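Working notes, structure below.
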Amino acid sequence: MRRLSRGNPALVALFSALLLLCSLSLQASEQPGRSAIATAHPAATVAGRETLALGGNAFDAAVAISAALAVVEPYGSGLGGGGFFLLRSADARYVFLDARERAPGAAHADLYRRDGQVQPGLSRDGALAAAIPGLPAALVELAEHHGRLPLRDSLAPAIRLAREGFPVDRVYRERAGMRLAAMRDDAETARLFLNEGAVPAEGTLLRQPELADTLVALARSGRDGFYAGPLAERLVAGVRAAGGIWTLQDLRGYRTVQRQPIRVPLAEGRELISAPPPSAGGLALAQSLLILQRLPWREAEPVQRSHLVVETLRRVYRDRGLLGDPDFVDSPTASLLNPDYLQRLSDSIDPQRATPSSELPPAGTWKEGDHTTHFTVLDADGNAVSATLSINLPFGAAFTVPGTGVLLNDEMDDFAADLEGANAYGLAGSHANAIAAGKRPLSSMSPTFLESPSELTSFGTPGGSRIPSMVLLSILEYLDGQPIQRWPAVPRYHHQYLPDVIEHEPQTFSAAQIAELQARGYRLKNVEREYGNQQVLRWNKATGEVEAASDPRGVGNSDVR
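Below, the structure is given as structure tokens:
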């Protein structure tokens, strides 16, 4: 450089200008310059887009989308529920925001036991089934610590939707039909979400003025608008009058938790960033991808690929029973991701035959509601959110606190309420997820990013215990170079160790493929309906291209601008 400066000042100036241009080009490549949204409902996508147009970032859009979904998808999420938010800042720092519901302070291991027997209905329907909601706290946290806009601006689209109403669609009708009896049992839920005790007709305008008032209180007062003051008193009084055990201290004491996401280096310079415990999903994805890297899944013909994936899922789902809320139990995450352990799992897979689950070391069994919601959003600066929200079963506990519009979750059903019955092997796995005061129940929700120097991709879906298998199948489509529309549309199959059966959508396997899988020792079950509702996006840092896609099984949509 010194020689050049002595010889030709003009060349020095030109060289410096080129360096500046290169620097600016590199900086530009670190920002997408465009935004993308994919949600499970068109109204939520519009809410996110409206918030970005106001000058909000991806975190503000996440508030708007979450609140809008709470209005238009009462069967999947809501202010009475919770969720997981995986946050990526523009400088590629990641934070996992745990807004999972917590058990009330009076909860205990025998909460649902009557006359020596656990009564499952008590943890599914009614006020006693509800854990302390986390979503309102998450919305405040996102707005105050990550967003650019005041909370009132981000909540404005949801408030409008609640007051003016939205048309009932086919998904609403399907979910309401699944929970019709429970919804009829609660007068307030029936009044708000049914039409004279029946599922509303498609196109019926559904208004929720009380929920709009609750959202306004949250917008005005932040945390105290929900977890303290008159609304909190009304929530507690309504829950206790209906047989629940909430207290004002339970609400005042609720806090979201910032956790370190699971981060696992993968082949080809990629990194998996996903949900840590109390989600079991991120670990299952990490284990699955690391095992499959050791196996020839890419070059395998379809049945052989399915065989390798199923045997991988069988093993990683077996490990789920060891996990629980990390604030209460030690989750052996590091041991389960140890390369030697993963190699042993890989080596245990017979390349041609199914391994009966009975031949693997036993673990506790579990159950989980499968109707949640998911969205993903990327802003022009490179901030991004992948979030999965839930109230557990469709319409949660089917109990709405009078005068609030808040439909409560039944996430208490995600705990291992019956340690003797659920844990048929008498192992400690189910005990890790036993009910305890203040504890968060285990979940499969798996908001996920894959990032490399050249790409950022986002994955996630509702679906309960099937979430990790659905996300895995979508990730494999991505790794296989398939177009983004294929990722959420891929035909689905699932194995979770117990029951020892491959569940699959109706069109996943041909008759010949089913016969071949059966010859390998598998039992198959056609679930006779499509499941899941995945939302994905992709930012190609090399080309600047931004894409998003919504699951064709649902009514959601994506928007890129």
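If you count by mature numbering (1 follows the signal peptide of the UniProt record, and there is no 0), then the sequence shown holds residues -28 to -1, 1 to 533, one letter each, in order. Where a beta carbon is used, it is the ideal one built from N, C-alpha and C, also for glycine. Every value quoted in this text rests on a predicted model; they were computed, and no experiment measured them.
Where residue i sits in the DSSP three-state scheme
i      : result
Arg464 : coil
Asp386 : helix
His346 : strand
Pro434 : coil
Val90  : strand
Ile245 : strand
Arg85  : strand
Phe198 : helix
Glu308 : It should be noted that the sequence gives Leu, not Glu, for residue 308. Helix.
Ala79  : coil
Ile104 : strand
Thr327 : coil
Glu205 : helix
Ala170 : strand
Val188 : helix
Glu45  : coil
Arg120 : coil
Thr176 : coil
Ser415 : strand
Pro250 : coil
Asp135 : This sequence places Arg at residue 135; Asp is not what is there. In the structure shown, Arg135 sits in a helix (DSSP, three-state: H, G or I).
Proximity of residue i and residue j at Cβ, strictly below 9 Å
i      : j      : result
Ser446 : Leu509 : no
Ile363 : Gly93  : no
Asn381 : Ala103 : yes
Arg179 : Ala134 : yes
Leu285 : His466 : yes
Phe347 : Gly432 : yes
Ala10  : Gln507 : yes
Val349 : Ala30  : yes
Pro129 : Gly53  : no
Tyr226 : Gln468 : no
Leu262 : Leu422 : no
Thr344 : Gly435 : yes
Glu73  : Arg458 : no
Trp361 : Gly55  : Checking the displayed sequence, the identity of residue 361 turns out to be Leu instead of Trp. Yes, Cβ-Cβ distance for Leu361 and Gly55 is below 9 Å.
Gly20  : Leu107 : no
Ala370 : Asp158 : yes
Asp185 : Val208 : no
Residue span of the beta strand (DSSP E) that contains residue i, given as start and end
i      : result
Leu164 : Per DSSP, Leu164 belongs to no beta strand (DSSP E); it is in the alpha helix (DSSP H), Ala159 to Phe165.
Val67  : Tyr66 to Ala71
Ile9   : Ala8 to Thr11
Phe56  : Gly54 to Arg60
Ser362 : Ala356 to Ser362
Leu422 : Thr420 to Glu423
Asp531 : Asn529 to Val532
Straight-line Cα distance separating residue j from residue i
i      : j      : result
Val112 : Ala39  : 11 Å
Arg147 : Pro139 : 15 Å
Leu309 : Thr420 : 17 Å
Asp291 : Thr305 : 10 Å
Lys497 : Met150 : 21 Å
Ser416 : Ala34  : 20 Å
Asp353 : Leu127 : 22 Å
Pro249 : Pro298 : 6 Å
Pro425 : Arg60  : 15 Å
Val527 : Ala15  : 10 Å
Ala79  : Val301 : 17 Å
Arg525 : Gly88  : 43 Å
Ala326 : Leu332 : 12 Å
Val90  : Asp452 : 46 Å
Val373 : Ala162 : 12 Å
Ala110 : Tyr144 : 25 Å
Thr23  : Gly119 : 11 Å
Ser530 : Ala409 : 40 Å
Gly28  : Gln276 : 47 Å
Leu152 : Ala173 : 14 Å
Any non-hydrogen atom of the ligand FMN within 8 Å of residue i CB
i      : result
Leu470 : Among the components of this structure there are no ligands whatsoever, and the ligand FMN is therefore not found.
Alpha helix (DSSP H) segment containing residue i, residue limits
i      : result
His279 : Pro274 to Arg290
Gln259 : Gly253 to Leu264
Pro334 : Here Pro334 belongs to no alpha helix (DSSP H), and DSSP marks it neither H nor E.
Leu451 : Ile439 to Leu451
Gly375 : Here Gly375 belongs to no alpha helix (DSSP H), and DSSP marks it neither H nor E.
Val143 : Arg142 to Met150
Pro14  : Pro14 to Ala25
Checklist entry - Of all the alpha helix (DSSP H) runs that stay within the bounds of the stretch 455 to 527, which reach a length of 4 or more residues? => result Counting whole runs of 4 or more residues, the stretch 455 to 527 contains the alpha helix (DSSP H) stretches 458 to 461 and 483 to 491.
Next on the checklist: So within the stretch 214 to 238, which uninterrupted alpha helix (DSSP H) runs reach at least 4 residues, ignoring any that extend past its ends?
Outcome noted: Counting only runs of 4 or more, we get 220 to 224.
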